[in-house]
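Student: This is the structure, below, for whatever I ask next.
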Amino acid sequence: MRIALVGDRSPTVRSHTRIPLLMEALRERDGIALDPYWIPTTDVAGLDAFDGIWILPGSPYRDEAGVVEAARVAREERIPLLGTCAGFQHMLLEFARHVCGLDVAHAENEPGARDFLLTPLACSLAGHENLVRLTPGTLIEQIMGTPATMEAYVCSYGLNESYTQTLAAGGLVFSGHAADDGAVRAAELPGHPFFLGTLFQPELAGDGRRPHPVISAFAAAVARHAGHGQTTYAGTP
């Protein structure tokens, strides 16, 4: 079961250094053996050959278009997709552009643009933990099995809330909100095998030796998808 780790790999990004621990934890604790391939944002061709796609943090990415393309392929080809932190932000960007037809930008990538979907947070969440309230009946609420969860962030950008109604009208469900101000912290796409993004970083939970429930659920979705006879990727792990 091969998953594409989309992002510009760097030893200075904590979430990237957690990947080996998480892969081992998934094998030992969940019995799911994933074969991860790092895919740079500058070369995302062939993503439809994977059983799952995880868009990892590490913005600003070298190629915004590559990240947006990764989200599009996962959404249209119904490949399980997890986006965390900047991955979540670019999932929203793809949905806004290709589903809702919005001409919007990410302020970190295009500070001179006219309309922004992703804007600087009033207070940076980098290095903070905050309580996230989960919408009853949503995928993430079912995964967590609790109405709220305390999560870690390394983030300075979030959704421009003036676009929430438009994205929701397009079919996106905002399933997690900050307990203090109600700002969006998670989103998902009903009817898709697994299409979930979180502004928080579940890969940073604990010491990495016990997979966060969101990561375990993603891995299980990848395993289900792999059972449908998907083709494989011939790149380099």
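Per the numbering used here, residue -14 is the first one in the sequence shown, and the count goes up by one each step.
Here a beta-carbon is modelled for each residue, glycine too, at the ideal position from N, C-alpha and C.
Is the stretch 164 to 176 in contact with the stretch 136 to 146, if contact means three or more CB pairs nearer than 8 Å?
Tutor: yes
Student: Please classify residue 182: is it buried, with 16 or more other beta-carbons within 10 angstroms of its beta-carbon, or exposed?
Tutor: buried
Student: What three-state label does DSSP hand residue 151 in the structure shown?
Tutor: helix
Student: Tell me the residue span of the alpha helix (DSSP H) that contains residue 5.
Tutor: DSSP places residue 5 in the uninterrupted alpha helix (DSSP H) bounded by -1 to 10.
Student: When you compare only the Cα positions, how much space is there between residue 84 and residue 159?
Tutor: 16 Å
Student: Just reading off the alpha helix (DSSP H) that residue 129 is part of, what are its end residues?
Tutor: 124 to 129
Student: When burial is assigned at 16 or more other CB atoms within 10 Å of the CB, is residue 44 buried or exposed?
Tutor: buried
Student: How many Å lie between residue 87 and residue 126 at the Cα?
Tutor: 29 Å
Student: For residue 110, count neighbouring Cβ atoms within 10 angstroms of its own Cβ and tell me buried if that reaches 16, exposed if not.
Tutor: Residue environment for residue 110: buried (at least 16 other C-beta atoms within 10 angstroms of its C-beta).
Student: Between the C-alpha atoms of residue 113 and residue 32, what's the straight-line distance to the nearest angstrom?
Tutor: 33 Å
Student: Check whether the stretch 193 to 210 touches the stretch 64 to 80, taking contact to mean three or more Cβ pairs, one atom from each stretch, closer than 8 Å.
Tutor: yes
Student: Starting from residue 160 and walking both ways along the alpha helix (DSSP H), at which residues does that stretch end?
Tutor: Looking at the DSSP string, residue 160 is not in any alpha helix (DSSP H); the run it does join, the beta strand (DSSP E), is 158 to 163.
Student: Kindly list the residues whose CB is nearer than 7 Å to the CB of residue 19, restricted to its own chain and excluding five residues on each side of it in sequence; keep chain order.
Tutor: -14, -12, 8, 11, 204, 207
Student: DSSP state of residue 84, grouped into three classes?
Tutor: coil
Student: DSSP three-state call for residue 64: helix, strand or coil?
Tutor: coil
Student: With residue 136 and residue 73 assumed to form a contact (beta carbons below 8 Å), what rounded beta-carbon distance in angstroms separates them?
Tutor: Contact flag wrong, Cβ pair sits at about 12 Å.
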